[in-house]
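Convert by adding 1 to the 1-based position in the sequence shown; the result is the number in this note's numbering. All C-beta atoms, glycine included, are put in the ideal place defined by N, C-alpha and C. Below: one structure, written as structure tokens.
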Amino acid sequence: MRVKFNEFLALVYADIFDYPLTQEEMRLWQVVPGFQQMKGLADEKVERKGGFLFLKGRKKLVGLRKEREEISKKKLLKTLRLLEILRKVWTVKAVFVTGSVAAGNAKEESDIDLMIVTKQGSLWVTRLTVVGILKAMGKYRGNQGNQGDKICPNIFLDEDHLGIGERNLYTAHEVLQARCVFDRGGIYLEWLRKNRWVKEYLPKAYKYQILNIKYQKYRLNHKNFFGVLLLIELMAFLGQYLFMKVKITNERVGWGYAFFHPRDLSVEVYQEFFRRLKRVNVIQ
């Protein structure tokens with residue numbers, strides 16, 4: 002089988018995360034390069050085992066992937082049980098599993114990252130509610146680092162702030178790998194539409210996601226509470242912002258969005274991507 006350059010880039014990127022790909026996955030996640038093509042043939046740099054492809058000398062990744070896939074499935078199942086409670090919070094419009102669990106690459110010590118999409122003008126009230134529920138259940142992951150199956154709701158967006166401003170290969174993967182496990186009517190489709198820029202990096206993966214969307218429509222009427230909710234939301238935002246202000250490092254918070262990521266991995270991953278390309282003699 003001839004490995005195309007764009008497909009080979011997908012394999013190199015996945016290798017950063019110790020993740021071999023099937024032939025179908027390699028084609029699906031092929032990367033549009035922003036540089037000149039490789040000097041040698043990709044076939045010479047790729048090995049195969051048990052239906053998976055990986056860079057030469059990385060055979061051990063096949064067993065590692067199977068092991069982590071099973072761990073991820075168990076963690077995802079625990080998340081689905083939690084949804085029975087979160088879906089009763091009427092300001093929650095969608096819940097996404099993100100990070101290593103969504104990618105099927107979680108370790109035993111990995112926590113479960115969530116992105117919560119809220120009704121317009123209710124993000125900070127919803128965050129208080131969700132965090133309160135998780136703490137009451139003993140499931141909330143605080144600032145102590147990874148704690149196994151603890152829940153880390155590290156992204157909150159209201160339905161008017163679905164577009165991601167930071168545009169790079171890493172973020173494009175995160176957008177498309179986010180796994181929507183609850184959608185109160187069209188949020189996942191809107192998420193993809195607002196972030197259609199990912200096509201510049203991962204065109205086939207974006208097209209696949211758009212064509213395979215399944216969601217259920219829900220009707221909720223809470224218009225009579227909008228004025229009261231807005232006032233409560235303002236107080237919730239100011240209270241939480243003032244509390245967090247002295248602790249904020251790389252986190253980004255504002256009206257309608259909250260990204261609780263102390264470390265920005267996009268630069269690290271991008272640099273490692275190019276290091277590996279040089280290592281396999283793809284670029285100078």
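{"query": "What's the call for Tyr20, buried or exposed, on a 16-neighbour Cβ count within 10 Å?", "result": "buried"}
{"query": "So Lys205 and Gln24 are supposed to be a Cβ contact under 8 angstroms. How far apart are they, rounded?", "result": "So it is not a contact: roughly 13 angstroms between Cβ atoms."}
{"query": "Who are the near neighbours of Lys94 in its chain, counting only those whose CB is closer than 7 angstroms to its CB and skipping five residues on each side?", "result": "Val118, Thr119, Lys120, Glu160, Arg185, Ile188"}
{"query": "In chain order, what residues of the same chain lie with their CB nearer than 7 angstroms to the CB of Glu48, ignoring the 5 residues before and after it?", "result": "Phe55, Lys57, Lys60"}
{"query": "Should Leu87 and Val33 be called a contact, given that it needs their Cβ atoms to be closer than 8 angstroms?", "result": "no"}
{"query": "Determine the burial state of Gly266: buried for a count of at least 16 other Cβ atoms within 10 Å of its Cβ, exposed for fewer.", "result": "Before going further, note that residue 266 is Leu rather than Gly in the sequence given. Exposed, by the Cβ-count rule."}
{"query": "Can you check the region 145-177 for any beta strand (DSSP E) of at least 3 residues that lies completely inside it and give the ranges in chain order?", "result": "152-159"}
{"query": "Mind reading off the beta-carbon distance from Leu193 to Ile211? Whole number of angstroms is fine, and I expect it under 8 angstroms.", "result": "6 angstroms"}
{"query": "Can you tell me whether DSSP reads Phe261 as helix, strand or coil?", "result": "coil"}
{"query": "Quick check on Gln178: buried or exposed, where buried means 16 or more other Cβ atoms within 10 Å of its Cβ?", "result": "buried"}
{"query": "Is it buried or exposed, Tyr209, if we count other Cβ atoms within 10 angstroms and call 16 or more buried?", "result": "exposed"}
{"query": "Closest by CA to Asp112, which one among Lys76, Met138, Phe53?", "result": "Lys76"}
{"query": "Measure from the alpha carbon of Lys151 to the alpha carbon of each residue in Glu109, Arg276, Arg128, Gly122, then state which is nearest.", "result": "Glu109"}
{"query": "Using the C-alpha atoms, what's the distance from Arg276 back to Ile134?", "result": "43 angstroms"}
{"query": "For Val270 and Arg28, I'd like the C-alpha separation in whole angstroms.", "result": "21 angstroms"}
{"query": "Please report the distance separating the alpha-carbon of Gln272 from that of Leu190.", "result": "31 angstroms"}
{"query": "Can you name, in chain order, every residue of its own chain whose Cβ lies under 7 angstroms from the Cβ of Glu8, other than the five neighbours on each side?", "result": "Met27, Arg28, Gln31"}
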